[in-house]
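2 protein chains.
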Amino acid sequence: MQLPERVKIVEVGPRDGLQNEAAPVPVEVKLGLIERLEKAGVSVIEAGSFVSPKWVPQMASSAELFQQIDQKPGVSYPMLVPNLKGLESALSVGVKEIAIFAAASESFTQKNINCSIEDSIARYSDVMVQAKQHGLLVRGYVSCVLGCPYEGEIAPERVADVARSLYELGCYEISLGDTVGVGTPAKAQQMIDAVTKCVPVENLAAHFHDTYGQALANLFAVLQRGVSIIDSSVSGLGGCPYAKGASGNVATEDVLYMLNGLGIQTGLDMERLLQAGDFISRYLQREPASKVARALSAAD
Amino acid sequence: MQLPERVKIVEVGPRDGLQNEAAPVPVEVKLGLIERLEKAGVSVIEAGSFVSPKWVPQMASSAELFQQIDQKPGVSYPMLVPNLKGLESALSVGVKEIAIFAAASESFTQKNINCSIEDSIARYSDVMVQAKQHGLLVRGYVSCVLGCPYEGEIAPERVADVARSLYELGCYEISLGDTVGVGTPAKAQQMIDAVTKCVPVENLAAHFHDTYGQALANLFAVLQRGVSIIDSSVSGLGGCPYAKGASGNVATEDVLYMLNGLGIQTGLDMERLLQAGDFISRYLQREPASKVARALSAAD
Numbered sequence: 001m002q003l004p005e006r007v008k009i010v011e012v013g014p015r016d017g018l019q020n021e022a023a024p025v026p027v028e029v030k031l032g033l034i035e036r037l038e039k040a041g042v043s044v045i046e047a048g049s050f051v052s053p054k055w056v057p058q059m060a061s062s063a064e065l066f067q068q069i070d071q072k073p074g075v076s077y078p079m080l081v082p083n084l085k086g087l088e089s090a091l092s093v094g095v096k097e098i099a100i101f102a103a104a105s106e107s108f109t110q111k112n113i114n115c116s117i118e119d120s121i122a123r124y125s126d127v128m129v130q131a132k133q134h135g136l137l138v139r140g141y142v143s144c145v146l147g148c149p150y151e152g153e154i155a156p157e158r159v160a161d162v163a164r165s166l167y168e169l170g171c172y173e174i175s176l177g178d179t180v181g182v183g184t185p186a187k188a189q190q191m192i193d194a195v196t197k198c199v200p201v202e203n204l205a206a207h208f209h210d211t212y213g214q215a216l217a218n219l220f221a222v223l224q225r226g227v228s229i230i231d232s233s234v235s236g237l238g239g240c241p242y243a244k245g246a247s248g249n250v251a252t253e254d255v256l257y258m259l260n261g262l263g264i265q266t267g268l269d270m271e272r273l274l275q276a277g278d279f280i281s282r283y284l285q286r287e288p289a290s291k292v293a294r295a296l297s298a299a300d
Numbered sequence: 001m002q003l004p005e006r007v008k009i010v011e012v013g014p015r016d017g018l019q020n021e022a023a024p025v026p027v028e029v030k031l032g033l034i035e036r037l038e039k040a041g042v043s044v045i046e047a048g049s050f051v052s053p054k055w056v057p058q059m060a061s062s063a064e065l066f067q068q069i070d071q072k073p074g075v076s077y078p079m080l081v082p083n084l085k086g087l088e089s090a091l092s093v094g095v096k097e098i099a100i101f102a103a104a105s106e107s108f109t110q111k112n113i114n115c116s117i118e119d120s121i122a123r124y125s126d127v128m129v130q131a132k133q134h135g136l137l138v139r140g141y142v143s144c145v146l147g148c149p150y151e152g153e154i155a156p157e158r159v160a161d162v163a164r165s166l167y168e169l170g171c172y173e174i175s176l177g178d179t180v181g182v183g184t185p186a187k188a189q190q191m192i193d194a195v196t197k198c199v200p201v202e203n204l205a206a207h208f209h210d211t212y213g214q215a216l217a218n219l220f221a222v223l224q225r226g227v228s229i230i231d232s233s234v235s236g237l238g239g240c241p242y243a244k245g246a247s248g249n250v251a252t253e254d255v256l257y258m259l260n261g262l263g264i265q266t267g268l269d270m271e272r273l274l275q276a277g278d279f280i281s282r283y284l285q286r287e288p289a290s291k292v293a294r295a296l297s298a299a300d
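Keeping their order, the protein sequence lines are chains A and B.
Residue numbering for the first sequence follows full-length UniProt numbering, starting at 1 and increasing by one per position.
Residue numbering for the second sequence follows full-length UniProt numbering, starting at 1 and increasing by one per position.
Here is the structure:
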């Protein structure tokens with residue numbers, strides 16, 4: 001029941017958030033967002049991905065973006081990489097940290113990358129060898145940890161298997177994604193209980209979507225299990241591709257509000273975080289999905 | 001850490017929700033909503049209030065409304081009553097359960113009803129004597145339990161004092177309201193810990209607003225303390241009067257989704273509850289504030 005004293009927030013808005021926008025966001029706007037996130041004290045900003053521009057045109061400018069980031073000391077800028085080709089692109093622009101992604105659901109893996117979970121892990125082992133040779137840090141994602149859009153419930157043990165595979169492969173941190181936001185608190189705890197049998201809790205991140213409004217409750221539940229890394233998206237950027245109109249990533253502002261209230265250190269500044277959210281919300285001409293942002297702007 | 005096996009949901013949409021609408025909602029629409037809530041399995045529906053129609057025109061038709069409710073066995077329809085005059089009105093139409101409301105903040109009580117907390121409790125003792133003589137059940141509200149719009153933080157002990165006063169006065173259930181939605185999980189637990197020193201936990205209800213997105217996390221936190229009664233509002237009806245544009249009551253659909261996920265019995269049917277929310281959202285020509293409702297309708 002002891003909560004962590006400190007939580008690391010991994011900001012995924014520029015990648016996981018903006019990749020869901022219908023129209024690609026220009027590099028200069030992404031740079032403006034990243035700069036404001038740095039000023040708010042965020043120490044990890046997932047900035048883009050080296051995936052096929054044919055499939056994800058929103059991320060097509062990731063190499064250009066990465067090169068233009070005025071990197072701050074103490075801040076890391078992981079880039080998502082699906083395969084060796086992506087890794088080459090990442091290396092060519094001097095990326096120091098990458099993220100690879102697997103899923104805990106067979107159906108999701110089949111539909112998403114057209115292979116089995118086992119094969120997906122095997123494919124990453126090549127990426128991993130190369131990444132290690134170049135001294136890169138590698139973060140691993142597991143999606144569908146609390147449910148799958150195709151097969152529904154996912155057994156906690158399946159999540160643990162995939163998390164262990166990525167950890168054994170050499171990922172220094174495993175981010176557990178409730179991709180469809182269907183999880184509830186006790187299930188989130190059971191999933192963490194299963195995963196911590198294979199991977200130390202300090203290497204686990206909770207990456208929860210708020211599609212059904214459950215994300216903060218689920219985060220509070222896993223904080224109670226000692227999870228001390230949270231992925232979130234400023235202004236709640238990122239819809240849910242499986243339910244148009246529904247919200248996606250939990251908003252960093254709302255996470256920070258809860259952590260502040262719990263007395264947990266993050267190093268983030270709410271005022272500046274709100275400014276970052278305001279910046280991108282104005283560009284997108286959309287009200288922020290963060291309730292904290294709405295309440296505070298309404299109170300002005 | 002043991003969660004309750006069963007939770008009673010008190011639906012406050014028709015009163016606490018609709019009293020925040022700019023234009024009063026017609027009696028027939030409220031009746032349609034109440035009927036659909038009954039069909040969804042809700043056993044307590046706060047239907048209206050006998051307050052001055054000058055101050056709260058949204059509730060002016062409460063007597064007419066109450067008389068027209070086709071009351072179902074096993075369902076109670078509490079009506080808010082601020083004073084003896086309100087009680088007389090309630091008795092004249094055969095109300096069997098009333099609710100009275102106090103606050104844990106001196107400033108809020110002064111601004112809201114122009115007297116001290118102590119005086120407010122004293123005033124209710126007359127209402128209570130009369131109510132008991134007529135065999136009415138009385139529910140007591142304490143507002144501002146996790147913060148006040150005027151004085152900020154509220155000590156848990158102050159909440160406990162007011163809750164005890166209402167309990168000693170004869171209220172069978174004390175509903176603890178985070179009126180401005182500023183609470184976070186550990187503070188909610190500390191508040192419950194203080195109150196349960198004076199009032200048995202089975203007589204406590206959590207009435208949390210979602211203005212800052214924290215309501216479900218706070219509810220999960222107090223469920224862990226044994227609280228087994230939750231006030232909520234279908235479709236998240238009810239804005240926050242202190243922050244225009246910000247959301248108010250936690251949505252019943254979102255609460256039910258979490259409780260279902262936790263394996264906690266409620267007697268409510270999600271499909272029918274969504275129909276009730278859809279009915280009132282269509283009338284108000286507004287998207288539901290419930291994320292579950294949005295996600296499920298988006299998935300259709």
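Glycine is no exception: its CB is placed at the ideal position from the N, C-alpha and C atoms.
The model shown is predicted, which means the values in this text are computed figures rather than measured ones.
Identity of the residues DSSP links to residue i by a beta bridge
i: S175 (chain B); result: B:Y141, B:A205
i: V10 (chain B); result: B:V44, B:D231
i: G239 (chain A); result: A:S247
i: L80 (chain A); result: A:S49, A:A99
Inter-residue CB distance, residue i and residue j (contact presumed, cutoff 8 Å)
i: K187 (chain B); j: A160 (chain B); result: Their Cβ separation, rounded to whole angstroms, is 14 Å, which puts K187 (chain B) and A160 (chain B) out of contact at 8 Å.
i: V51 (chain A); j: P82 (chain A); result: 5 Å
i: D146 (chain B); j: I154 (chain B); result: Sequence inspection shows Leu at residue 146 (chain B); the Asp mentioned does not correspond to that position. L146 (chain B) to I154 (chain B), Cβ: 7 Å. Contact.
i: Y124 (chain A); j: L169 (chain A); result: 6 Å
i: Q19 (chain A); j: Q58 (chain A); result: 5 Å
Sequence-distant residues of the same chain with beta carbon closer than 7 Å to residue i, five excluded per side
i: A289 (chain B); result: S235, G236, S247, A251
i: A276 (chain B); result: L33, R36, L37, A40, V234
i: S89 (chain B); result: F50, A63
i: R158 (chain A); result: A104
i: R294 (chain A); result: E287, P288
i: E202 (chain A); result: S228
i: G74 (chain B); result: S43
i: E5 (chain A); result: I264, Q265
i: N112 (chain B); result: A103
i: residue 304 (chain B); result: Nothing can be reported for residue 304 (chain B): it is not among the residues displayed for chain B, which extend from 1 to 300.
i: D254 (chain B); result: L216, S290, K291, V292
Own chain residues within Cβ distance below 8 Å of residue i, not counting five before or after
i: I69 (chain A); result: L31, I34, A47, Y77
i: Q190 (chain A); result: P156
i: E106 (chain B); result: S116, I117, E151
i: Y172 (chain B); result: L137, V138, R139, N203
Beta-carbon proximity list for residue i, same chain, < 6 Å, skipping 5 on both sides
i: K39 (chain A); result: R272
i: Q130 (chain B); result: L87
i: G13 (chain A); result: S233, V234, L237
i: Q67 (chain B); result: V93
i: S143 (chain B); result: A103, G177, T179
i: F101 (chain A); result: Y141
Residue i and residue j closer than 8 Å at C-beta
i: K72 (chain A); j: I229 (chain A); result: no
i: R139 (chain B); j: A194 (chain B); result: no
i: V10 (chain B); j: V56 (chain B); result: no
i: Y212 (chain B); j: Y257 (chain A); result: yes
i: V127 (chain A); j: L84 (chain A); result: yes
i: T266 (chain B); j: L274 (chain B); result: no
i: L3 (chain A); j: Q214 (chain A); result: no
i: A163 (chain A); j: P185 (chain A); result: no
i: G181 (chain B); j: D210 (chain B); result: yes
i: L80 (chain A); j: R15 (chain A); result: yes
Short CB-CB distance (under 8 Å) between residue i and chain A
i: D254 (chain B); result: yes
i: D210 (chain B); result: yes
i: S232 (chain B); result: no
i: L237 (chain B); result: no
i: L262 (chain B); result: yes
i: K30 (chain B); result: no
i: F220 (chain B); result: yes
Cutoff 8 Å: residue i Cβ touching any chain B Cβ
i: T266 (chain A); result: no
i: L216 (chain A); result: yes
i: S43 (chain A); result: no
i: A102 (chain A); result: no
i: A206 (chain A); result: no
i: T184 (chain A); result: yes
i: S247 (chain A); result: yes
Distance cut-off 7 Å: residue i Cβ against heavy atoms of the ligand FMN
i: I34 (chain A); result: The ligand FMN is not among the ligands present in this structure, which contains no ligands whatsoever.
Short CB-CB distance (under 8 Å) between residue i and chain E
i: M258 (chain A); result: Of the chains in the structure shown, none is chain E; the protein chains are A and B.
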